[in-house]
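Numbered by this note's numbering, the letters in the sequence shown go through residues 8 to 110 in order.
Read through the structure below, which is laid out as structure tokens, and then see the notes.
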Amino acid sequence: MSKTFTPETIETRSEISNRLLDVKKRLNEAVMHFGESIKEIINEEFGDGIMSAIDFYCSVDKVKGVDGKDRVVVTFDGKYLPHTEQKLEHMVSRLRLKEVNQS
């Protein structure tokens, strides 16, 4: 049996691109909307710092909601990096320059 392709059954590149763009828009919208709250929770749970994109994992799961409808669960699994105070006296390049100037 051979497949028959008609203009109605062929998805164009722009249609595929638009669907991808829609998903990216919704994810961006959710992160922008909840970003400040997520940041506050990270700071409350871990201290002052950020979730890094280094050694980062993301998973997408399908679950049933309480109403029986499908729901999407997106999990961001990123390494926590605490903010550190950077002091001038700890700058290796400055220490070396000081040593050179003293000799």
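Backbone N, C-alpha and C fix where the C-beta goes; we use that ideal spot for every residue, glycine too.
A quick note: this is a predicted structure, and the numbers were derived from the prediction, not measured.
Counting only runs of 3+ residues, the beta strand (DSSP E) found wholly inside the stretch 37-90 occupies 56-58, 64-71, 77-84 and 87-89, in chain order. The stretch 86-99 and the stretch 50-58 touch, with three or more beta-carbon pairs separated by less than 8 Å. Take the alpha-carbon of LYS32 and the one of PHE41: they are about 14 Å apart.
Taking the CA atoms as reference points, GLN109 sits about 27 Å from GLU92. Judged by their CB atoms, CYS65 and PHE83 are nearer to each other than the 8 Å cut-off. The Cβ atoms of VAL80 and ASP62 do not sit closer than 8 Å to each other.
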